[in-house]
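The block underneath contains the structure these notes are about, expressed in structure tokens.
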Amino acid sequence: MDIIPVGPGFAAELRGVSLNDVAHDDAAYAAVRAAFEAHSVLVFRGQEVTDDIQLAFSRRFGPPEVTKVGSLGTGSHFVILSTIGPDGKVVPPDHRYALRNRANQLWHTDSSFKRVPALTSVLSARIIPARGGETEFVSTRLAFARLDPALQAKLGHSFAWHDYNHSRSQIAEGLATPEERAALPPVCWRMVWKNPVNGRSALYLASHAYAVEGISPEAGKALLDELTAAATAPGTSYMHEWKSGDVVMWDNRATMHRGRPWPAHEARLMVRTTISATESDGLASVRRPAQQAAE
Ligand SMILES: [Fe+2]
């Protein structure tokens, strides 16, 4: 397996290893897992992707999420990101599918709004537009390292509230349905996630974050905005331009990402599997102490 760096200090393409190898071979999994811990975003090119292979690969990293209510693929292990309606045609720009893609264009980390946040997301390209529709990543580990030490120390003891409805309401009022809101009440996480394998800390931020525990709503929003701007500063991102056969996985503990727009009349179909974080991924360390005591 060769590791080819592709981004500014993070993100790497892996060559000489396939999803199928990782699914069936312990040594291949161990090598890819080590690269994942080190590089945060991994790119696999030229893969033969089926739902079964993608899920078998993903399961190596931990328990797969069951897709939430209100998403395409609900109840399965797959999130279907599509702009193709039931009639086989691309949906209009004001359709819920299209609005959800716009919400994905806000900087975020997947599943920070869930009771169990995500370790990793695995995304495969099934139908891609001729241009646009890239996925852009930043390293919140490198962003944390760039912060002033006093702020780093403060953030290590700070907790942010995350709510799916918050990120969706930035795009359109009512985009999160009453059913989704009921299923996804706000949750609170430490603002720094320390990787238990290499000890490196990362900012834990997302478009879902709306408040910081113990400070005013205005001050919390200002801090979240300031940290997001710092984490996504020009020149710090890796832009993945999708080709057929591409699979990209990322560490939701140490990155943020956003989708990029594409011509609205062009179809795009992506399939995501998402693996929940477990205690061995440092989950206990991001829980609020009161929350730990209550559970
Ligand atoms: Fe995402």
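Mapping the sequence shown onto our numbering, position 87 (from 1) lands on 187, and the numbers just tick up by one. Glycine included, every Cβ here is placed at the ideal spot set by N, Cα and C. Predicted, not measured: the structure shown is a model, and the values here were computed from it.
Identified DSSP bridge partners for ARG290 | BP columns for ARG290 point to PHE259.
Length at least 3, wholly inside the stretch 103-175: the beta strand (DSSP E) runs in chain order = As far as the stretch 103-175 is concerned, its whole beta strand (DSSP E) runs of at least 3 residues are 112-115 and 141-144.
Any non-hydrogen atom of ligand 1 closer than 7 angstroms to ASN201 Cβ | Outside the cutoff, so no.
Tell me whether ASP210 counts as near ligand 1, meaning its Cβ is closer than 7 angstroms to at least one heavy atom of that ligand.
-> Proximity of the beta carbon of ASP210 to ligand 1 is indicated: a heavy atom of the ligand is located closer than 7 angstroms.
Of the listed residues VAL386, PRO389, SER385 and SER380, nearest to GLU137 (C-alpha basis) = Taking the Cα of GLU137 as reference, the smallest distance to any Cα among VAL386, PRO389, SER385 and SER380 is reached at SER380.
When you compare only the Cα positions, how much space is there between LYS168 and PHE244?
-> When the Cα atoms are used, LYS168 and PHE244 turn out to be separated by approximately 30 angstroms.
In three-state terms, what does DSSP make of SER212?
-> Secondary structure of SER212 (DSSP, three-state): coil.
Assign SER376 to one of three DSSP states: helix, strand, or coil.
-> In the three-state DSSP reduction, SER376 falls in the strand class (E or B).
Counting Cβ pairs, one atom from each stretch, are 3 or more of them under 8 angstroms apart for the stretch 258-275 and the stretch 226-242?
-> Touching, no, given that fewer than three Cβ pairs across the two stretches are closer than 8 angstroms.
Using three-state DSSP, classify HIS266 as helix, strand or coil.
-> Reduced to three states, the DSSP call for HIS266 is helix.
With 16 other CB atoms within 10 Å as the buried threshold, where does PRO249 fall?
-> Taking a 10 Å sphere around the C-beta of PRO249, we find fewer than 16 other C-beta atoms and assign the residue as exposed.
Helix, strand or coil: how does DSSP classify SER385 here?
-> Reduced to three states, the DSSP call for SER385 is helix.
List the whole-angstrom C-beta distance separating GLY294 from GLY382, where the pair is believed to meet the contact cut-off of C-beta under 8 angstroms.
-> Looking at the sequence provided, one finds Lys at residue 294 rather than Gly. LYS294 to GLY382, Cβ: 6 angstroms. Contact.
Could you check what DSSP says for LEU251 in three-state terms: helix, strand or coil?
-> Here LEU251 sits in helix by DSSP.
beta-carbon ASN204 near ligand 1 non-hydrogen atom, thresh 7 angstroms = For ASN204, the shortest separation between its Cβ and any heavy atom of ligand 1 lies below 7 angstroms.
Tell me where the beta strand (DSSP E) around ARG226 begins and ends.
-> 218-227 is the extent of the beta strand (DSSP E) around ARG226.
Between which two residues does the beta strand (DSSP E) containing ARG358 stretch?
-> 355-359 is the span of the beta strand (DSSP E), which, as asked, contains ARG358.
Beta carbon of HIS357: closer than 7 angstroms to some heavy atom of ligand 1?
-> At least one heavy atom of ligand 1 is found less than 7 angstroms from the C-beta of HIS357.
Could you tell me if THR91 is buried or exposed, where buried requires 16 or more neighbouring beta carbons within 10 angstroms of its beta carbon?
-> Because the chain in this structure spans residues 101 to 395, residue 91 falls outside the shown range and cannot be described.
Could you tell me whether any non-hydrogen atom of ligand 2 is closer than 7 angstroms to the CB of GLY359?
-> Here the bound small molecules are ligand 1; ligand 2 is not part of this structure.
Collapsed DSSP secondary structure at ALA302 in the structure displayed | Strand at ALA302.
Does the beta-carbon distance from LEU114 to LEU142 come in below 8 angstroms?
-> A distance below 8 angstroms separates the beta carbons of LEU114 and LEU142.
Do MET356 and HIS266 have their C-beta atoms within less than 8 angstroms of each other?
-> Not a contact, by the Cβ cut-off of 8 angstroms.
Distance, Cα to Cα, SER353 vs ALA218?
-> It is Arg, not Ser, that sits at residue 353 in the sequence shown. Spanning the two alpha carbons is a distance of roughly 8 angstroms.
Are the stretch 214-229 and the stretch 359-374 touching by the rule of at least three beta carbon pairs closer than 8 angstroms?
-> Short answer: they touch.
Assigned secondary structure, LEU323 (DSSP; H/G/I helix, E/B strand, else coil) | If DSSP states are grouped into helix, strand and coil, LEU323 belongs with the helices.
Quick one, which of PRO296, VAL287, GLY345 and HIS124 has its alpha-carbon nearest ALA306's?
-> Nearest of PRO296, VAL287, GLY345 and HIS124 to ALA306, Cα basis: VAL287.
Between TRP289 and HIS262, which are expected to be in contact by the criterion C-beta below 8 angstroms, what is the C-beta distance as a whole number of angstroms?
-> Their Cβ separation, rounded to whole angstroms, is 7 angstroms, which keeps TRP289 and HIS262 in contact under 8 angstroms.
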